[in-house]
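Okay, structure first, notes after.
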Amino acid sequence: MMTLDNEFRKKLELYKEGKLSQAEEEELEQDLEKFEVYQDFLDEEFEPDMEEQGLSEEKKLKLINLGRRKAVIKAALLGSVLLLSILPAGTLLTYIFYGYGEEQNMANRFLDVASDTVMVTEPNVQVDRNKFHEQVGLFTLSANLDMWKQVGTEQTRIGDKGLNLWFSNLENVDHNYLSDSFSSSQKVKDLKIHHPNVSPFPSSEKEWQRLSQLPEGTVAEAYVSFDKLYDPNDVENLLGNIDHKTLWYAIDTGYEKEQKDKNGVVVTPIGYPVQNGIENPKKMTTEEFHQILKELTENEEWSEKIAKSRDLHLKERLAYVNKNGIKTYGIVMTGPTKEILKLKDNKHVKGLELGEVELWQWE
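Residue numbers (our numbering): -12 to 350.
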């Protein structure tokens, strides 16, 4: 029979991990059964009357150590059995927790909230819903969302967001941008579209000058502020006959005039893209935006962490939109730089700030 040396301990570890051959498992189990028999014999014959039997201290110590070894083996085997039974059960429960309800399950709802939050709070940024990277662990759901923005006719990947759920609690969000320019353009404090009643209104003279100096054969992303609030459906008529593509509407939600809440915190802009999805040619309606805003309000804790904002004030903003309707105070657009420059003489345009500039890619 083997002794409880390093070789036997190693076999126990392999046994726990299920890495022994069938023959080796049977041999080890036979040894363990022998330990059971020996210990039962010792329990019955020796331990009750050690003193009466006149055993030496050395023999008593050996018997006690043998009992301890038996307890260690039992605990190890019991732990292995429990672990092997808990993991499959826990994994199954996790899949049920996140996947119950088909299309309305928690996993889908969370990913919809994540992509809609990006779309609504980060101007001209969308998530490709066809390329979610999610992974289910024990009571966890992790996801990576690729973020894209459009300049000219091309979609450019600008980074990703790493999200980690523990049950339904969003523990942390990693905001990863591929360059500092992409990161800075999405900072809440760096507002690029301004409400017409902001005072003093930021000067755009340097931006117009920059735009005029850009060469032919370039396309640009531009953040355009209007002179007053307009219905989104009227925007194209306001811009006149220039070659461009409107990408994102900034919506008045009651906080944009001050650009800060009552605590002095800069409030992130709220808006919606022209197209509902990167590859979706269908134009998003104001009704669809209203529904998205309502759903984000119902999941505001998730939205605030994903949007990098301490407080989005979604409930107050939804109430304001319900009362006052959906009006835009500015847009994000793209097009040939010389076409965008024509907006300088447009009476409806109060301000402009340049975003990304790329070499020519235009239809």
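Where a beta carbon is used, it is the ideal one built from N, C-alpha and C, also for glycine.
Under DSSP, TRP235 forms a beta bridge with PRO260 and VAL319. In terms of Cα proximity to LYS314, the closest of LEU341, ILE265 and ASP214 is ASP214. Under the three-state reduction of DSSP output, ARG297 falls in the coil class, being neither helix nor strand.
Taking C-beta atoms as the reference points, ALA207 and LEU201 count as a pair closer than 8 Å.
CA-to-CA, the gap between GLU243 and LEU125 works out to about 42 Å. In the DSSP annotation of this structure, the continuous segment of the beta strand (DSSP E) that includes MET134 starts and ends at 127 to 138. Each of LEU299, LYS(-2), PHE188 and LEU226 was checked against the Cα of THR240, and the nearest Cα belongs to LEU299. Nearest neighbour of ASN156 by Cα position, chosen from LEU301, GLU287, VAL253 and SER296, turns out to be GLU287. Here GLN246 carries a coil assignment [DSSP, helix/strand/coil].
For PHE213, the secondary structure class from DSSP, reduced to helix, strand or coil, is strand.
The beta carbons of GLY338 and LYS232 sit about 20 Å from each other, so the pair does not count as a contact at 8 Å. Counting only residues of its own chain and dropping the five nearest sequence neighbours on each side, ARG116 has a CB closer than 7 Å to the CB of SER102 and GLY264. Ranked by Cα distance from LYS295, the first of ALA94, THR104, GLU203 and GLU11 is THR104. When secondary structure is reduced to three states using DSSP, THR205 falls in the strand class. GLU340: member of the beta strand (DSSP E) spanning 336 to 346, first to last residue. Residue range 192 to 200 is occupied by the alpha helix (DSSP H) that includes ARG197.
Sequence-distant Cβ neighbours of HIS277 in its own chain, meaning closer than 6 Å and more than five residues away, do not exist here. Selection LEU80, ILE257 and GLY149 evaluated against ARG304 yields ILE257 as nearest (Cα-Cα). Here the C-alpha atom of GLU0 lies approximately 10 Å from the C-alpha atom of GLU(-6).
Per DSSP, the continuous beta strand (DSSP E) segment holding LEU157 begins and ends at 156 to 164. In the three-state reduction of the DSSP assignment, LYS148 falls in the strand class. In this structure, TYR236 lies near TYR259, with their beta-carbon atoms less than 8 Å apart.
Per the DSSP secondary-structure output, GLN122 pairs in a beta bridge with SER129.
A direct Cα-to-Cα measurement between LEU301 and GLU275 gives close to 16 Å. The beta carbon of SER290 lies closer than 7 Å to those of VAL100, THR104, LEU283, LEU299 and LEU301 in the same chain, with the five residues before and after it left out.
In this structure HIS120 is exposed. Its beta-carbon is surrounded by fewer than 16 other beta-carbon atoms within 10 angstroms. Look at the beta carbons and you see the region 219 to 231 touching the region 327 to 336: at least three pairs across the two are nearer than 8 Å. When secondary structure is reduced to three states using DSSP, GLU326 falls in the helix class. If the five residues before and after THR143 are omitted, its C-beta is found closer than 7 Å to the C-beta atoms of TRP135 and LYS136, all from its own chain and listed in chain order. Closest option to GLU194, judged by alpha-carbon separation, among LYS179, GLY204 and PRO187: LYS179. The C-beta distance from LEU128 to VAL114 rounds to 16 Å, too long to meet the 8 Å contact threshold.
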